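Heads up: the sequence lines are chains A and B, in that order. Per the UniProt record's numbering, the very first residue in the first sequence carries number 1; after that it's consecutive. Per the UniProt record's numbering, the very first residue in the second sequence carries number 1; after that it's consecutive. Step one of this worksheet: look at the structure below.
2 protein chains.
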Amino acid sequence: MNLRTLTSFLAVTALTTGLAWGGQETLLEQSRSYFEPIPTSAPELKGNPATPEKLLLGHMLYFEPRLSASSLISCQTCHNVGLAGADMQETSVGHGWQKGPRNAPTTYNAVFNTAQFWDGRAKDLMEQAKGPVQASVEMNNTPEQVLVTLNSMPEYVELFKKSFPKEKEPVTFDNMARAIEIFEATLLTPNAPFDLFLKGDEKALSAEETQGLDFFINKGCVGCHSGVNMGGTGYFPFGVVEKPAGEILPEGDTGRFQVTNTAGDEYAFRSPPLRNVALTPPYFHSGKVWSLNESVRIMGSAQLGIALNKEEASAITAFLKTLTGEQPVVTHPVLPPQTDQTPRPVLTTPGV
Amino acid sequence: MNLRTLTSFLAVTALTTGLAWGGQETLLEQSRSYFEPIPTSAPELKGNPATPEKLLLGHMLYFEPRLSASSLISCQTCHNVGLAGADMQETSVGHGWQKGPRNAPTTYNAVFNTAQFWDGRAKDLMEQAKGPVQASVEMNNTPEQVLVTLNSMPEYVELFKKSFPKEKEPVTFDNMARAIEIFEATLLTPNAPFDLFLKGDEKALSAEETQGLDFFINKGCVGCHSGVNMGGTGYFPFGVVEKPAGEILPEGDTGRFQVTNTAGDEYAFRSPPLRNVALTPPYFHSGKVWSLNESVRIMGSAQLGIALNKEEASAITAFLKTLTGEQPVVTHPVLPPQTDQTPRPVLTTPGV
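See below:
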């Protein structure tokens, strides 16, 4: 918050020049102080070392619909590797065609988020992976039933053994999540035009995109959207200056308040990462806005208290499109054969 | 039918020896007269020549959920390339979580079927591909809306142009189906143990599997399950000798009769191809039987009027497992970015 306020203040003195800030820093230098390029290989994960076996296991589990009660829904359903790790839905559709409460964040580059989910209730991807499997509106399964499923297929049992070779009983719900985390950490989108810019190629951005970057930094967007992922680093009230329309910010969803129960967290949500944002409409936790340009304008008024004019909003939108990186090419894994012990699909919804 | 009756009759004289039939043909020679190995490359399709562009387009469309009204369901949903081209459901689940009327046949090797669907109402894969897109219980879309979707994404428009270079307006519903057909024709599973046997490696089958093959031919299964796909070549009444339980053969589904309106076609269904059958439970058009062994016994009594004993059913089941071929390794395509013109998901169900 302080950073944003400071930036907004300083922006007044350095709005229009585009390539100099306080007469000292170039836009590239300034950008490098806020942002980092997406790495080209997966980061190491504390307490969860990667091995080829664990990566293969996680890859299979990400695509495994039999982790859901219905045998119809996998991580891939809402985090589609053909659709930039998201699902093009307002809010995701899960078990029984139920609509979930919030828009599905992309799994791409998610390893660089400070925490996961719109309210940050999972500290990392391993914690995150356990949520949707159990959520009644998503995969509607239980850890116990997942273990029955995994233990029913010898190929999985073998792969868990190889992935966690020191453990006596390697087939666990936590290890399922650890393997998925290892796979998800490889879903990176490096070499976006903006990454090339950050690495020193100032011609990677057009004049309009460069202008948009300048606006993005000096009008204050960077206050919430910085770091490798340009977001995903903290929680901010949606409507800090001006509350958006009730449809965009549904009253029933108080965001991080539901996690912390702290008054200041009402309607606070994780600032979403903006990597590949042009590929992942619709926007906001409610998924109610499909236009990126409109989303930029809403953010201007709601978060910064400024009415972006047409040119400014277009330039920022053009800049945001330079955050589209190389999409990972993912093989669809061949999943293990069912056995007579594998639980059969349950399509009914409890209580319905 | 005549073939089956003849075979059943002759079987009496050649039941137990396994490797000689009427004292003349070996089991290998006999097998070669009924079956062919799965080829290692896609066959040419009459009137639909394959090109790399068309294959890529079809590959993308197979995985494209935006062909459905909800943007949630693609060919891949019910014909999962991780699950041997099927979905492990009794009957497939589509738009609005509606359960469809019949079990999803695999797309693998489907190009070798005489016709498509359980009732053969589509003469080829191109015709087939147009069905589920429009079925209200599946993708619930219309050809007109599909064209709006495809035309909204420049990457698709470009790829249709390259795939159908001589056509003035290449983005058509039929061309969508042609491209999907080209992709599906590549979904082959060669080199199953039984293919190796057919190619001359008699040691590719164990003693029990060889015995099962002998039973399969000489007890009459081959009457309906022959050719490359060991089935998929004709229509046969389910329960030709003994009507199975109502749950397995639901009264409401009269099968091919619904297509031909001919009395003899009541409860007639296409004999399903048996390639990879061990990977694609549950069985029959109703999907009501999960055990392959049980399915073999039901077929024995319902179609051949014989009570297979435990040893016979086990041997035939063991043989059927030798029909599991090398599964194709398919890349998940990166799909084109949405635009403001792309229709948004419609989750509601008409009339509900």
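Note that the Cβ used here is the ideal one computed from N, Cα and C, for glycine as well. Computed from a predicted structure; not experimentally measured.
- Here residue 203 of chain A is exposed: its Cβ has fewer than 16 other Cβ atoms, across all protein chains shown, within 10 Å.
- By the CB criterion at 8 Å, residue 268 of chain A and residue 257 of chain A fall inside the cutoff.
- The alpha carbon of residue 27 of chain B has as its nearest neighbour, out of B/199, B/349 and B/270, the alpha carbon of B/199.
- Residue 273 of chain A is a Cβ neighbour of residue 231 of chain A, given a cutoff of 8 Å.
- The three-state secondary structure of residue 108 of chain B, taken from DSSP, is coil.
- Interface annotation, residue 206 of chain B: not in contact with chain A, CB-CB separation never under 8 Å.
- Less than 8 Å separates the beta-carbon of residue 319 of chain B from that of residue 209 of chain B.
- With respect to residue 333 of chain A, residue 82 of chain B sits close: the two C-beta atoms are nearer than 8 Å.
- The DSSP-derived three-state label of residue 267 of chain B is coil.
- Residue 169 of chain B and residue 296 of chain B have their alpha carbons spaced roughly 50 Å apart.
- Inside the region 262–313 of chain A, DSSP marks whole alpha helix (DSSP H) runs of 4 or more residues at positions 292–299, from first to last along the chain.
- In this structure, DSSP gives residue 204 of chain B a helical state, which the three-state scheme calls helix.
- Here residue 179 of chain B is not near residue 292 of chain B, since their CB atoms are 8 Å or more apart.
- By DSSP's assignment, residue 122 of chain A forms a beta bridge with A/116.
- Under DSSP, the beta-bridge partners assigned to residue 332 of chain A are B/330.
- Look at residue 189 of chain B: its C-beta is not under 8 Å from any C-beta on chain A.
- Taking the CA atoms as reference points, residue 239 of chain A sits about 4 Å from residue 302 of chain A.
- By the rule that beta-carbons nearer than 8 Å mark a contact, residue 121 of chain A does not touch chain B.
- Per DSSP, reduced to three states, the secondary structure at residue 241 of chain B is coil, with no helix or strand assignment.
- Closest option to residue 139 of chain B, judged by alpha-carbon separation, among B/100, B/105 and B/154: B/100.
- Per DSSP, the beta bridge partners of residue 99 of chain B are B/93.
- With its beta carbon at least 8 Å from every one in chain B, residue 27 of chain A lies outside the interface.
- At a cut-off of 8 Å, the C-beta of residue 96 of chain A has a neighbouring C-beta in chain B.
- Residue 86 of chain A has A/80 as its beta-bridge partners, per DSSP.
- Under the Cβ distance rule, residue 160 of chain A does not count among the residues neighbouring chain B, no pair being separated by less than 8 Å.
- Sequence-ordered contacts of the UniProt region "Disordered" (332–352) of chain A with chain B read 332, 333, 334, 335, 337, 338, 340, 342, 344, 345, 347 and 349 [C-beta pairs closer than 9 Å].
- Here residue 75 of chain A has 62 as same chain residues with Cβ atoms under 6 Å from its own Cβ, once five neighbours each way along the sequence are excluded.
- Taken through DSSP and simplified to helix, strand or coil, residue 236 of chain A comes out as strand.
- For residue 93 of chain A, the nearest beta carbon of chain B is closer than 8 Å to its own beta carbon.
- Against chain B, the beta carbon of residue 145 of chain A has no neighbour under 9 Å; the closest one sits roughly 15 Å away.
- Contact between the region 63–73 of chain B and the region 220–227 of chain B is absent: fewer than 3 CB-CB pairs across the two stretches fall below 8 Å.
- Spatial neighbours of residue 65 of chain A in its own chain (CB-CB distance under 7 Å, excluding positions within 5 residues in sequence) are listed in chain order as 71, 72, 73 and 74.
- What residue 281 of chain B touches in chain A, judged by beta-carbon distance under 8 Å, is 338, going in chain order.
- Judged by pairs of C-beta atoms under 8 Å, the region 85–95 of chain B does not touch the region 306–314 of chain B, as fewer than three such pairs exist.
- Exposure of residue 166 of chain A is indicated by the presence of fewer than 16 other C-beta atoms within 10 angstroms of its C-beta.
- Nearest to residue 275 of chain A by alpha-carbon distance, out of A/113, A/68 and A/54, is A/113.
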